[in-house]
Structure formats: structure tokens, C-alpha cells
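Below you'll find the structure, written out as C-alpha cells, and then a few comments.
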Amino acid sequence: MYAQAFFVAVFGLAAIGFGVVVFRTSSMVRSALALLFSQTAVGCMFLAMQTEFLGVLQIMMMATEMSIMAIFMVMFMMDPGGMGGMDMTHQKRFSIGAGVVAAGVAIVVAFWADWGPVTAEAPDAAMQTRALGMELLGRSMLIFETAGITILTAMIAATAVAIPVQTTANIADKEDTE
Amino acid sequence: MTLVLIVALVTGAILFGIGVYGALSQTNLVMIMMGVELILAGALVNLVAFWRFLHPESYSGQMFVLVVMTVMAVEMAVGFGVAIARFRAKGSVEMEEAGDLKG
């Protein structure tokens with residue numbers, strides 16, 4: 012039990028530490044990498060809590076997602092390397108207050124709530140994966156299918172938004188440059 | 003065992019707080035999305051802890067985690083789509099320059 016608490020705490024501290032670095036560093040690539048490490052630490056917390064399938068899924072998904080995010084950040088940021096020392100924040104005091112209040116309220120609830128009896132033993136990894144599969148293709152199938160359709164819709168919508176609009180002015184400009 | 007649950011819940015709460023700070027304080031669309039990712043990561047930690055320590059017999063908890071992961075992926079896809087469109091139209095994804103999006 013203490014070993015589990017130790018590892019959950021260590022990975023939790025790593026997730027929090029890298030989460031802070033995301034908004035502290037001026038280099039955008041470092042920000043993306045810090046978020047990747049933070050999300051990986053969250054995945055490791057899942058593994059420490061004996062939720063193997065979700066832990067591995069979290070690490071794999073976030074590794075891909077954050078690599079893409081790093082590329083976008085370099086493309087879109089005015090100062091991706093952070094060499095210019097630009098301040099890219101606003102309403103700092105209000106944001107810090109809101110963050111502290113949000114975290115504080117959640118921590119108070121965590122300590123004060125009566126969580127009831129806590130289970131010591133979790134099902135083993137193979138049993139969990141099998142039971143989750145049965146859940147996905149049984150009782151929660153509609154939710155699972157809806158999630159899949161939502162991702163497909165988001166992919167199509169994102170591509171549609173990203174494709175440049177072909178107006179007559181655009182076409183004329185293109186022809187002029189050619 | 004309650005100790006592990008509390009450690010996980012406190013970690014989730016702090017991640018949530020950092021995410022709220024990031025989402026409110028950053029001026030760049032991609033950085034705001036990073037804040038939202040941290041908020042959702044905090045929610046994920048709580049969900050897994052609730053499933054593991056309170057209801058390991060019910061797999062609806064794990065299903066909920068998969069739904070939140072889907073929300074993370076959708077947020078990224080749509081966010082980057084909007085970022086590309088905005089960058090093409092205005093040459094920047096700075097939210098302080100996006101006052102024209104107000105209704």
C-alpha cells in the first residue's frame with residue numbers, strides 16, 4: 012500500500028512539476044515537451060494505480076498528440092524559440108487567483124468528502140481489459156460508437172476549416188502570380 | 003488505501019488549477035489548448051482514482067475515461083483546424099487580436 016502511495020505521489024509530483032514548466036518556459040518547443048512529460052507522468056500514475064490498459068493508452072496517445080502540437084507551435088508562434096523574451100500572457104493576477112481557487116476548492120472537497128469504503132484489490136490487467144472490452148461492446152456500445160462518430164466528424168470538420176476558401180479574388184491572385 | 007486516493011485527488015486538483023491558470027492567462031490559441039489539456043488530465047486522474055479505489059467492479063468508470071480521452075482528441079483536432087483558418091485569415095493566432103470574433 013505504501014509503495015503504491017509512494018509511486019502515485021512521485022508520478023503526481025512529476026506531472027505537476029512539468030505542468031508548471033509548460034507555462035514558465037519561454038520556448039514553445041520546451042512547453043510542448045513539458046506537457047508531453049506531464050501527460051506521460053499522468054499515464055504512469057494510471058499504471059501505479061493498476062489501470063494498465065488506460066495507462067498505456069494515455070502514454071501512447073499523448074506522445075503522438077504532443078509531437079503534433081510541438082510542430083504546430085513552431086509554425087504558429089511569433090517567437091517559438093523564446094529568444095525575443097516576449098510576454099505572451101495577460102490578466103495574470105486574475106488567472107493565478109482563479110487557478111488557486113479552483114485547485115483549493117477541489118482539494119477541500121477531496122479531504123472533507125466521505126468517500127466510503129475503499130477497495131484494496133483491483134482486478135488483474137487481463138481481466139480488466141476483457142471486462143472493458145465487454146463493456147464497450149455491450150452496455151456502453153452506444154456511447155463508444157458516438158465517441159467514434161464524434162472523432163470522425165471532428166476530423167472532417169477540422170480538415171474542412173483548414174482548406175483555404177476558393178474565392179474569385181483568390182483565384183485571380185493565384186493566376187497573377189503564375 | 004484512502005491515502006492513495008487522497009494523493010491522486012490532490013494531484014488531479016492541482017493539475018486542474020494549473021490548467022485553469024494556463025487557459026485564462028495565455029494569449030496564444032495553442033497555449034490555451036495546452037491549458038485545457040491539463041484541465042482534462044486532472045479530470046482523468048480523478049476518474050481513474052474513483053474507479054480504482056471506489057468502484058473497481060463497475061467498468062463504466064473506465065468507459066468515462068475513454069470518453070474524456072475522446073474529448074481531448076476532438077479538442078485538439080478542432081482547435082488546430084480553427085488555428086489554421088485564423089492564421090490564414092489574419093496571420094496570427096493571438097487571441098488579443100481576435101476581438102473581431104465577438105458577436
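So the protein lines, in turn, are chains G and H. The first sequence runs 12 to 189 under this note's numbering. The second sequence runs 3 to 105 under this note's numbering. Cβ atoms here follow ideal geometry from the backbone N, Cα and C, with glycine treated the same way. Values in this document were obtained by computation on a predicted structure and should not be read as measured data.
- Residue state for E96/H is assigned as strand, using DSSP reduced to three classes.
- At a cut-off of 7 Å between C-beta atoms, L65/G counts as an interface residue with respect to chain H.
- In the DSSP assignment, N30/H is bridged to E96/H.
- Closest in alpha carbon position to D98/G, among A85/H, A75/H, A79/H, E96/H, is E96/H.
- Around the beta carbon of S27/H, 16 or more other beta carbons sit within 10 angstroms, so the residue counts as buried.
- Around M74/H, the same chain offers E39, L42 as residues with beta carbons nearer than 7 Å, after the five sequence neighbours per side are excluded.
- Boundaries of the alpha helix (DSSP H) harbouring E76/G: 63–87, taken from the DSSP string.
- Relative to G101/H, the option among A15/H, T29/H, M35/H whose CA is nearest is T29/H.
- Contact fails between the region 115–129 of chain G and the region 35–49 of chain G, because fewer than three Cβ pairs, one in each stretch, are under 8 Å apart.
- At the C-beta level, F82/H and F83/G come within 7 Å of one another.
- For the pair F29/G and F48/G, the CB atoms are nearer than the 7 Å cut-off.
- By a beta-carbon distance limit of 8 Å, G19/H does not contact A26/G. Their separation comes to about 13 Å.
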